[in-house]
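Visitor: This is the structure I have questions about; it appears just below.
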Amino acid sequence: MSSFKSDQARFTAYTANHRRASVEISRLMQLVWRRIRTEDAAIIPCIVYLNDSV
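Here it is, written out as structure tokens:
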């Protein structure tokens, strides 16, 4: 039972970190999107991939 609680705590910490990271990524994405124009279209799939992999 105690191992379950520690796993749960670890999971909670992980999801909190993940949420924080995805917020930072979306903020970064907004900055990047402002700079990107159509001539930089090759960068877009890379950014989307990075966003999905987190």
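The numbers in full-length UniProt numbering rise by one with no breaks, and the one at position 5 of the sequence shown is 5. All C-beta atoms in this analysis are idealised placements derived from N, C-alpha and C, irrespective of residue type, glycine included.
Please report how far the alpha carbon of residue 78 lies from the alpha carbon of residue 12, in whole angstroms.
Guide: Since the displayed the chain opens at 1 and closes at 54, residue 78 lies outside it and no answer follows.
Visitor: Hey, how far is the Cα of residue 6 from the Cα of residue 18?
Guide: 18 Å
Visitor: Just how far apart, CA to CA, sit residue 8 and residue 21?
Guide: 20 Å
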